[in-house]
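Novice: Numbering (the numbering used here), first residue to last: 640 to 768.
Quick reminder that beta carbons are idealized off the backbone N, C-alpha and C, glycines included.
Following this message is one structure expressed as structure tokens.
This is the structure we're talking about:
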């Protein structure tokens, strides 16, 4: 019996990753759903249980800090991988300190993105079991 396709919920503006996500979905490796922000997530997707949540950090530093504050809530629902366009070590460290499963940027190679998503999906499933 084949395992179901892992469901990935993207929270925030992730347009720099759009082509990567489309490629992964069209190949059948992952299914992607989207929520613009935490308010939309609470209003329309509160009963969904994705395997992985991708938290997209905004470009502006103060807005990115605010988005990181969502990590505590989100990591109770699924493994959270933080994604952003910044390759600053600060955001990587801040994400990991707040309990993110991992962090990648728009410059991360596709095979690494796949590895991170696969590991995040299975890690949270094992933790929940």
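If I measure Cβ to Cβ from residue 656 and keep anything under 7 Å in the same chain, skipping five residues before and after, which residues do I get?
Specialist: 722, 745
Novice: Am I right that residue 689 and residue 672 are in contact with their C-beta atoms under 8 Å? What's the rounded C-beta distance?
Specialist: 7 Å between Cβ atoms; contact.
Novice: Within a Cβ cutoff of 6 Å, which residues of the same chain sit near residue 760, ignoring the five residues on either side of it in sequence?
Specialist: The residues are 645, 690, 691.
Novice: Taking all protein chains shown into account, do 16 or more other C-beta atoms lie within 10 angstroms of the C-beta of residue 703, making it buried, or fewer, making it exposed?
Specialist: buried
Novice: Since residue 743 is in the beta strand (DSSP E), which residue starts that stretch and which ends it?
Specialist: 741-744
Novice: To the nearest angstrom, how far is the alpha carbon of residue 758 from that of residue 699?
Specialist: 29 Å
Novice: Going by Cα to Cα distance, which pick from 663, 697, 732 is closest to residue 652?
Specialist: 697
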